[in-house]
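So the number in the working numbering is just where the residue sits in the sequence shown, counting from 1, plus 16.
Note that beta-carbon positions come from the ideal geometry of N, C-alpha and C, so glycine has one too.
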Amino acid sequence: MDITSAIFECSAPDLDSCPDEALPEFAFIGRSNVGKSSLLNVLAGQEGLARVSPTPGFTKMINIFTMNKTWRLVDLPGYGFAAGARKDSTKFNQAVANYLKHRTNLCSVFALIESALPPQEIDVDFVEWLTRNSVPYVIVFTKADKVTPAEAQTNIAAFMARIAPWFEKPPVTFSCSATTGNGRAELLGVIGELMAAIAAEAGSKPTTAPEVAPEPARQKSANQLARENRKRRPDLNRPW
Ligand SMILES: Nc1nc2c(ncn2[C@@H]2O[C@H](COP(=O)(O)OP(=O)(O)O)[C@@H](O)[C@H]2O)c(=O)[nH]1
Ligand SMILES: [Mg+2]
Numbered sequence: 017m018d019i020t021s022a023i024f025e026c027s028a029p030d031l032d033s034c035p036d037e038a039l040p041e042f043a044f045i046g047r048s049n050v051g052k053s054s055l056l057n058v059l060a061g062q063e064g065l066a067r068v069s070p071t072p073g074f075t076k077m078i079n080i081f082t083m084n085k086t087w088r089l090v091d092l093p094g095y096g097f098a099a100g101a102r103k104d105s106t107k108f109n110q111a112v113a114n115y116l117k118h119r120t121n122l123c124s125v126f127a128l129i130e131s132a133l134p135p136q137e138i139d140v141d142f143v144e145w146l147t148r149n150s151v152p153y154v155i156v157f158t159k160a161d162k163v164t165p166a167e168a169q170t171n172i173a174a175f176m177a178r179i180a181p182w183f184e185k186p187p188v189t190f191s192c193s194a195t196t197g198n199g200r201a202e203l204l205g206v207i208g209e210l211m212a213a214i215a216a217e218a219g220s221k222p223t224t225a226p227e228v229a230p231e232p233a234r235q236k237s238a239n240q241l242a243r244e245n246r247k248r249r250p251d252l253n254r255p256w
């Protein structure tokens, strides 16, 4: 898939401030400093689109970018460096949890894990949270250039061994590097496949007359209505 336009849409502090849910979204999440913003820039083909910082915990907002005017990439705040983070389920902020659980146009999360490190408890916990909450995701191992391929493979295998007991079929994984650009085509391929599935689903739906909203409901925001009426993501026949 070619990226012909990549535009910064907005920075939202919480779910209700996010733009309307008209376009499919693909969100990047992972530990602070795992390489979310760098990878987003590589995918978009535009250096400097999302701000890259050597200081962990920089992104506090939900940063949204529109690609090819038809879908969005979302740079979520990283977990693991929140001030006062406790060693319990609130390791990442409430806005992110709400976004992941309730954003109806969220097609897939890219859960980023650093391949240069052995399994980190916080990442294992986070992937468990995604699984428990039925959030659709693929796992993306980042910074493949930082270690030898053999070291990366050892770390990846150790991580997958940790989470394997939760699944009959393990989640799909990718390996990439924002430095070399390796893995870009594969990740854009995932987005392309999901976009094609959404288009096919929309094309096969019978057309129905739009329902007129009752009076009090009209005062609610489009996002609120969408969530109340349809706590459901696009029903995709995923290839994994
Ligand atoms: N060697 C290497 N460094 C990377 C890679 N991706 C990101 N980094 C560096 O890791 C740091 C954090 O990157 P950033 O994208 O801001 O991470 P974020 O906090 O997850 O958004 C920066 O210093 C990046 O230059 C990669 O693929 N390889
Ligand atoms: Mg970032």
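- In this structure, the CA atom of residue 114 is about 22 Å from the CA atom of residue 156.
- With a cut-off of 8 Å, the C-beta of residue 85 is classified as distant from ligand 1, since no heavy atom of the ligand falls inside that distance.
- Comparing alpha-carbon positions, the option among 150, 110 and 61 lying closest to residue 123 turns out to be 150.
- Note that the C-beta distance between residue 121 and residue 19 is not below 9 Å.
- Residue pairing by DSSP places residue 198 in no beta bridge whatsoever.
- Excluding residues up to 5 positions away in sequence, 28 lie with their Cβ nearer than 6 Å to the Cβ of residue 34 in the same chain.
- With a 10 Å radius around the Cβ and a threshold of 16 neighbouring Cβ atoms, residue 192 comes out buried.
- Using a Cβ distance threshold of 9 Å, residue 53 and residue 91 count as a contacting pair.
- The C-alpha of residue 167 is placed about 9 Å away from the C-alpha of residue 133.
- Taken through DSSP and simplified to helix, strand or coil, residue 36 comes out as coil.
- If you look at residue 89, you'll find it in the beta strand (DSSP E) that goes 87-91.
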